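**Student:** Got a structure here, written out as structure tokens. Questions coming.
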Amino acid sequence: MGLNVLIADDEPLGRERLRNALEGRTDVTLKAEASDGGEAVRLLSAQTFDLVFLDIQMPFKTGFQVVEAIGAEAMPPVVFVTAYDEYALRAFEVNALDYLLKPFDEQRFNRCLDRVIALAGDRGDLTRRMEAALAQMTAAKEYPSRLMVKGHQSMEFVRVEDIDWIEASGNYLTLHAGKKEHLTRQTMSGLEERLNPEQFLRIHRSTIVNIERIRDLRATFKGDYQVRLLDGTELRLSRGYRSALKRFEE
Amino acid sequence: MEGAFELDRETRRRLLIVTGTAAGLCLLIVLGTATQNYARYSMRLNEEANFWAVMEWPALWWSGWVLLTPVVFEFAWQKPIVAQHRAVRTLGYVLGAFLVMAIHDLYQVGIMFLPGYNSPHNGFYDALEFHVLSSLYLNFFIYWAIVGAAHAVKAYLRDHEKALGAARLETELATARLDVLRMQLHPHFLFNTLNGISALMYREPKKADDMINRLSRLLRRALDKSNDHEVTLREEMEFLAEYLEIERMRFDEALELSIDVPPELGELLVPTFVFQPLVENSIKHAVVPQGSKGRIGIRARAVDRLRLEVSDDGPGLSNDSDPLTAGVGLSNLVDRLDRLYGTDYRLDLRSSDSGGLAVHLDLPLRTSPLIEPTRPRSE
Chain A
1 MGLNVLIADD EPLGRERLRN ALEGRTDVTL KAEASDGGEA VRLLSAQTFD LVFLDIQMPF
61 KTGFQVVEAI GAEAMPPVVF VTAYDEYALR AFEVNALDYL LKPFDEQRFN RCLDRVIALA
121 GDRGDLTRRM EAALAQMTAA KEYPSRLMVK GHQSMEFVRV EDIDWIEASG NYLTLHAGKK
181 EHLTRQTMSG LEERLNPEQF LRIHRSTIVN IERIRDLRAT FKGDYQVRLL DGTELRLSRG
241 YRSALKRFEE
Chain B
1001 MEGAFELDRE TRRRLLIVTG TAAGLCLLIV LGTATQNYAR YSMRLNEEAN FWAVMEWPAL
1061 WWSGWVLLTP VVFEFAWQKP IVAQHRAVRT LGYVLGAFLV MAIHDLYQVG IMFLPGYNSP
1121 HNGFYDALEF HVLSSLYLNF FIYWAIVGAA HAVKAYLRDH EKALGAARLE TELATARLDV
1181 LRMQLHPHFL FNTLNGISAL MYREPKKADD MINRLSRLLR RALDKSNDHE VTLREEMEFL
1241 AEYLEIERMR FDEALELSID VPPELGELLV PTFVFQPLVE NSIKHAVVPQ GSKGRIGIRA
1301 RAVDRLRLEV SDDGPGLSND SDPLTAGVGL SNLVDRLDRL YGTDYRLDLR SSDSGGLAVH
1361 LDLPLRTSPL IEPTRPRSE
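Top line first, the protein sequences correspond to chains A and B.
Per my numbering, the first sequence starts with residue 1, numbered consecutively.
Per my numbering, the second sequence starts with residue 1001, numbered consecutively.
Put into structure tokens, the structure is as follows:
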């Protein structure tokens, strides 16, 4: 009996390699395996583990999204595993988090495992470092330059820079891009997350606008703003979202 | 709605240039004609001539064209005579010629009958008749010159842009030689494969050895082809076969393939490594989530376009999970297709017969490269 370990990796051979490496240790026991991020979250919330080997690039949820879903403070000590990820490595290095680069050898594996076990006592410090790494990853997040929009029968690629503004209507969103309108089944917050906040501004419960398309803003007597776009479209910035403008003020 | 009649920046700029050019040209012509007439009257005919008086008639004529030129030019720009509407539009421009000439005559005569203007004519109809008859030929010529100029400028700019685009594409691809390798054979794939080999070593050394050999062949091919923008479909299929074999090993054979690419299409050109991101996308969305067997179909057909299809039996488009995520991996491919073909391609994703995802890519049918490879093949 030793520490309970969870392995989360989408590749069978990836899990097998970790399993092999764990067999050489007497102080750890493999308790469960997950083959994608969603399964990892389910296992982590249902059972307790002392240690997690967490692959970063997994379908549905990345390793970071798993940590986010569970919460850094509720997360057992983690060894991140990755084949290649520049941003993630920087975040690990800066915040002294333990990681394994695939492929790895026994020596590297054992050194890493020993370190995690030794540092596992200081929960507060671990949580803090994990949160810092998550924040760094969010900041370094790459935003897609194109969105795929599900049309009636097929998908269309819409260049993000072509989008003027986005309007929510029921369960659908309309992407206004020049003279074109693309209807997509998507939630406002889901889409907002995929757009660079430097470029897109949420100005209303049901409106996101491309900052570069704004011509001017006019305050209305109700405390709202009227946002006029270059093409003459008029949108409303509701009071609740006025703080979105704060960072542009001098 | 406000803004409906506002012109976009490019149109405003074009109108400004056209109007400016027309005004400049007309001014030159007016001054030239006036000078010539002045010289003729005063020297040859020995008449008392006033320079401003001889300028009146040409100024009146040409100012009409300064006003009409941007209208005619813009019209020809927006609705040029193109192959598919040749007859209708040519007829339109012939009728347009008479309309524009009529406006020009009315403008001229109209000004002459403004109060205070000393008209030499006996009434409106006399003036109109005189102007129509005396300007018919020249106006007709000017009208077609403007229509022709719009077509010529447009064609010139299009060619220029095309040449510029080709040059840009060339430098982009030359400066980023290893990009194809880096983008298509992503390090993530490379290191995960190595990690898979590392795992297999303990269990099945022969299989591990096999995987090393496949990976080497794949790498060699990728390095050899990384400078070519396009390869033949046959070469692409050979590359794909190696790639798929490795993916099968990575995912423990949980991958069922059906490949239907007729050998007679082998010499057609496709973008280098075009299938790889599409198949990778299918594996990610069909094989991995199911955990068991995932089916991937690869097909090529040629009628008047080359159609490449990759379909799978994954969750497809029907699931309500974020439909946008599928696009991230394909974005690089779309960028490359944009650069290679401009608008001459079509990529769409739809539901496959089995409810999964089907990607259709339509390409022009070609056997000679768009752009010559950037270096001679050498070892």
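By construction, the Cβ of each residue, glycine as well, lies at the ideal position given by its N, Cα and C atoms.
As the structure is a prediction and not an experimental result, all values here were calculated from the model.
(1) Can you check which of these residues, B:1087, B:1148, B:1027, B:1351, is closest to residue 1282 (chain B) by C-alpha distance?
(2) Going by C-alpha distance, which of B:1213, B:1271, B:1026 is nearest residue 1245 (chain B)?
(3) Rounded to whole angstroms, what's the CA-CA distance from residue 38 (chain A) to residue 66 (chain A)? Just pull it up for me.
(4) Taking 8 Å as the threshold (C-beta atoms), are residue 1080 (chain B) and residue 1131 (chain B) in contact?
(5) Identify, in the order they occur along the chain, each residue of the same chain with its Cβ nearer than 6 Å to the Cβ of residue 1037 (chain B), setting aside the five sequence neighbours on each side.
(6) Looking at C-alpha atoms only, which residue of A:223, A:194, A:119 is the closest neighbour of residue 240 (chain A)?
(7) Can you tell me the Cβ-Cβ gap for residue 1381 (chain B) and residue 1128 (chain B), rounded? I've got them flagged as a contact below 8 Å.
(8) With distances taken between CB atoms, is the gap from residue 8 (chain A) to residue 46 (chain A) smaller than 8 Å?
(9) Give every residue of the same chain whose Cβ lies closer than 8 Å to the Cβ of residue 195 (chain A), excluding the five residues on either side of it in the sequence, and list them in chain order.
(10) DSSP three-state call for residue 316 (chain A): helix, strand or coil?
(11) Compare the Cα-Cα distances from residue 1361 (chain B) to each of A:163, A:156, A:62, A:212 and report the closest residue.
(12) Can a CB atom of chain B be found closer than 8 Å to the CB of residue 57 (chain A)?
(13) Span of the alpha helix (DSSP H) holding residue 1078 (chain B)?
(14) Nearest-angstrom Cα distance between residue 258 (chain A) and residue 1221 (chain B)?
(15) Can you tell which of A:127, A:233, A:134, A:147 has its C-alpha closest to the C-alpha of residue 75 (chain A)?
(16) For residue 110 (chain A), which residues in chain B fall below 8 Å Cβ to Cβ?
(17) Return the chain-ordered list of same chain residues with a C-beta closer than 7 Å to the C-beta of residue 1217 (chain B), the five sequence neighbours on each side being excluded.
(18) Just to confirm the assignment, what range does the beta strand (DSSP E) spanning residue 99 (chain A) have?
(19) Would you mind reading off the limits of the beta strand (DSSP E) that contains residue 53 (chain A)?
(20) Starting from residue 1036 (chain B), follow the beta strand (DSSP E) in both directions and report where the run begins and ends.
(21) Exposed or buried, which one is residue 1043 (chain B) when buried takes at least 16 other CB atoms within 10 Å?
(22) So residue 68 (chain A) and residue 134 (chain A) are in contact, right, with Cβ under 8 Å, and what is the actual spacing, rounded?
(23) Which residues of the stretch 1193-1226 of chain B have a Cβ closer than 8 Å to any Cβ of chain A? Give them in chain order.
(24) State buried or exposed for residue 1272 (chain B), treating a residue as buried only when at least 16 other CB atoms are found within 10 Å of its CB.
(25) Are the beta-carbon atoms belonging to residue 92 (chain A) and residue 99 (chain A) less than 8 Å from one another?
**Tutor:** With the given structure in hand:
(1) B:1351
(2) B:1213
(3) If I take the Cα positions, the gap works out to 8 Å.
(4) no
(5) Excluding residues within five positions, the ones whose Cβ falls inside 6 Å are 1054.
(6) A:223
(7) Nothing can be reported for residue 1381 (chain B): it is not among the residues displayed for chain B, which extend from 1001 to 1379.
(8) no
(9) The answer, listed in chain order, is 143, 160, 208.
(10) No statement about residue 316 (chain A) is possible, as the shown extent of chain A runs from 1 to 250 and does not include it.
(11) A:156
(12) yes
(13) In this chain, the alpha helix (DSSP H) harbouring residue 1078 (chain B) covers 1051-1078.
(14) Absent from the structure is residue 258 (chain A), since the part of chain A shown begins at 1 and ends at 250.
(15) With distances taken between Cα atoms, residue 75 (chain A) lies closest to A:127.
(16) Per Cβ cutoff of 8 Å: no residues; residue 110 (chain A) is ~15 Å from chain B at best.
(17) 1242
(18) 99-101
(19) 51-55
(20) Unbroken run through residue 1036 (chain B) is the alpha helix (DSSP H), 1009-1039; no beta strand (DSSP E).
(21) It counts as exposed.
(22) Right, the Cβ-Cβ distance comes to about 6 Å (below 8 Å), so this counts as a contact.
(23) 1194, 1195, 1196, 1197, 1198, 1199, 1200, 1202, 1203
(24) Buried is the call here.
(25) yes
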